[in-house]
Structures are given as structure tokens and as C-alpha cells.
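To convert a position in the sequence shown, counted from 1, into this note's numbering, add 16. We put the beta carbon where it would ideally sit given N, CA and C, even for glycine. A quick note: this is a predicted structure, and the numbers were derived from the prediction, not measured. Okay, so here's the structure we're looking at.
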Amino acid sequence: MKKILIIYYTQSGQLKEIIDRVSSGFDQDEITVDLHEMKPVNSYPFPWNKDTFFDAFPESVQGIPCEIHRLNIDPSINYDLVILAYQVWYLSPSIPFWSFLISDQAREILQDKPIITILGVRNMWIMAQERIRKKISEYGGNHVGNIVLQDKHQNLISVVTIVHWLYTADKGRFGIFPPAGVSDKDINESEKFGRIIAKYMMEDDYLNMQKELVEAGAVKIIPDLMSIEKKAIHIFMAWSKFILKKGNAGDPARKGRLNMFRIYLFTVIYLVSPIVSILFYLTWIFAFPKIRKDIDYFKLMRKKRK
Ligand SMILES: Cc1cc2nc3c(=O)[nH]c(=O)nc-3n(C[C@H](O)[C@H](O)[C@H](O)COP(=O)(O)O)c2cc1C
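Below, the structure written as C-alpha cells:
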């Protein structure tokens, strides 16, 4: 009997639905699953409001942890595989999940283990994943697979729908807009990823697993968003430092700067990013070899970028 440990965090329940669906692809006669939800001591609000949502920005980007409850995981169980399921906040791992990942408990759990990451996001996740990847390798874990479920609607539409969802907790259609987040269809179909994982797990050889997962649609890279994200994270770093100079999480003194960032963010998303995307595709041909390499790197989890 093989044993899988799944550690996740979710606010709306979307990520839990995803991992339940992936797990339904495991044969229960051959694989047991232990599920652990990690929880911050002071929960983040859901639904969010304008103030709480933007107040999470500086700490997300700078990786400043919150206090979390220790997971009740039996250290005597030798798991064959660990699955980490997380979401992205501001191009960075969500604060609760990151807080777990940098804990001593995470180091103990992940050391020498095969690890698969599962993400439930809007559509910008590659820079967050870089950080997770680095941590796993620092702990001596073996990152063997990655599955990303994302909102497949056009970028500007998904910004509108996610804000509505996160501010109201209503994921459904509103007005002319489609439902927010990862579609029910994509969640339902993610059982196929579980079947692929199980197959490689039984053979104890994950060498070709990511390739097969990608062929089954586990990771989709949107080239212009990848390029925007790689630049935006540097700008987010600068903004978050600027805001943190006024105080830590919840400090009213930083409200003015958070408001400035909010206006900046929506201006960039709606006015600047469409122009950047058009320019990206106009110059696509010149940068093609580099873009191709980056896409392969993020999809197939190649070891080194050349
Ligand atoms: C504060 C905040 C910031 C977010 N930033 C991003 C982001 O940068 N990129 C992205 O793809 N999704 C982003 N999302 C969406 C989340 O990754 C996730 O899909 C959504 O919050 C649902 O996750 P849940 O399972 O915790 O409910 C953000 C969500 C929140 C709450």
C-alpha cells in the first residue's frame, strides 16, 4: 500500500475541490491519502473587502509569514509522496501557505520526498512557483510534478470576475460575465491527473510523469502573461517595500500608500497590460527561441534554464 500526504490551504474551498477530484483518480486498494488543511491562527477574511484585500499585498510579496497552527502529522509515517496544494496571492505564494513552507515542520516533511505541487489560481503563477521550487530544493525534496488549474477566460475578464468572487464569495455568473475562477469542467476533469500520478507512483519512477501530465493539459503557459509577470514581480517588490516603511499588516498608517498601489494596479492592468501584450506579440518572432525555452522550463520543470 502506498501512502500520500496532501497539505493544502483554501479560502473558498476551490483548492479542496481540486485535490478531492485529483485524489479520485487514485486506486483506493493501492493508495491511501492523508489530507491536512493548514490554518492561520488569525484567519484571512473571506469574502475580502477593499482594505483587507490590499493589506495582504506587502506581506505576500515579501514573504512575511503569519502565525499558523502546527499540522497534526504523525512523524512515524513514511509517506511515499507529498502533494502541496496552494494558491497565489500577488504573484507570490499565499501568506498562509508560505508560512507553512518556511516552517521547521515543512522542512522535516519534505526532506528526501517526491513532491507534487497543485495550484488553483487566476492565471499568474510562475513567479510564485519559482519560490516554492527553490524552497523544495533547499530542503532536499524531489519536485517531480506540477499541475496548475487556472481561469481560462481572457485576462481582463478574469480580473473582473475574480474581484467580484473574492469580494462577495459568489463564484457564479454575474451580469454579462462568466463564472469566476477555475471552471467546474476543469475541476471535474482533473481526475485524469490523479490516474497519471498513481501510475508513476506505483512504478516508483517519476522521470516521465511531468511530460505526461503536460500532455494531459496539466500546465498551460500564456506567453504574454508570463512576460508581464516576470517584469511585474520586480515592480511589486519595490511597491511592497515602499508600503512596509509605513507599518506592518493592519497598520492604518500605510492606508494611503495601499490606496496609491490599488489605483496603480488597476491602471496598469486595464490600460498598460493590453498595450504590453500587443507589443509582445508584434515582437514575438525575435524573442521566440527564448520564449520557447521559458515555456518548456515552466511546463516541464526542466532543471536549468539555458
Ligand atoms: C489577495 C489575493 C491575491 C491574488 N493574486 C493572484 C495572483 O497574483 N495570481 C493569480 O493567478 N491568482 C491570484 N489570486 C487568486 C488565488 O490564487 C486563488 O485562485 C483564489 O483566491 C481562490 O483560492 P482558494 O482556494 O483559497 O479559495 C489572488 C487571490 C487573493 C485572495
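Q. Once you ignore the five residues that flank residue 144 on each side, which residues in its own chain have a CB closer than 7 Å to its CB?
A. 104, 107, 108, 109
**Q.** Limits of the alpha helix (DSSP H) - the one that residue 275 falls within
**A.** 271-283
Q | Any non-hydrogen atom of ligand 1 closer than 7 Å to residue 138 Cβ | A | yes
Q: Taking residue 74 and residue 68 to be in contact with their CB atoms under 8 Å, please state how far apart those CB atoms are, rounded to whole angstroms.
A: Contact doesn't hold; Cβ gap of about 13 Å is too wide.
Q | Distance cut-off 7 Å: residue 114 Cβ against heavy atoms of ligand 1 | A | no
(Q) Helix, strand or coil, according to DSSP, for residue 76 in the structure here? (A) In the displayed model, residue 76 falls within a helix according to three-state DSSP.
Q) In the DSSP assignment, what are the bridge partners of residue 130? A) 158
(Q) I believe residue 23 touches residue 100 by the beta-carbon criterion, under 8 Å. Please report the beta-carbon distance rounded to the nearest angstrom. (A) 6 Å
Q) Can you tell which of 26, 208, 36, 30 has its C-alpha closest to the C-alpha of residue 20? A) 36
Q) Which runs of the alpha helix (DSSP H), 4 residues or longer, sit entirely within the segment 205-270? A) 207-219, 225-231, 239-260
Q.
Once DSSP output is grouped into helix, strand and coil, what is the label at residue 84?
A. strand
Q) Straight-line CA distance for residue 267 to residue 146? A) Taking the CA atoms as reference points, residue 267 sits about 30 Å from residue 146.
Q: Report the three-state DSSP secondary structure of residue 50 (helix, strand or coil).
A: The answer is strand: DSSP assigns residue 50 an E or B state.
Q: Spell out the partners DSSP gives residue 193 in its beta bridges.
A: 190
(Q) Here's a check: name, in chain order, each residue in its chain whose Cβ is nearer than 6 Å to the Cβ of residue 158, leaving out the five neighbours to either side. (A) Only 130 meet the Cβ criterion.
Q) By Cβ distance below 8 Å, which residues in the same chain neighbour residue 322 in space, the five residues on each side in sequence not counted? A) Because residue 322 sits at a pLDDT of 49, beneath the cut-off of 50, its placement in the model cannot be relied upon, and the following sentence gives the value as read from the coordinates. A distance below 8 Å between beta-carbons, with the five flanking residues on each side excluded, links residue 322 to the following residues of its chain, in chain order: 309.
Q) For residue 141, does the count of other Cβ atoms within 10 angstroms reach 16, so buried, or fall short, so exposed? A) buried
Q: Reducing DSSP to helix, strand and coil, say where residue 95 ends up.
A: coil
Q: Could you name the residues of the same chain whose beta carbon sits closer than 8 Å to that of residue 280, not counting the 5 residues immediately before and after it, in chain order?
A: Here the set comprises 255.
Q. Can you find a heavy atom of ligand 1 that lies under 7 Å from the Cβ of residue 100?
A. no
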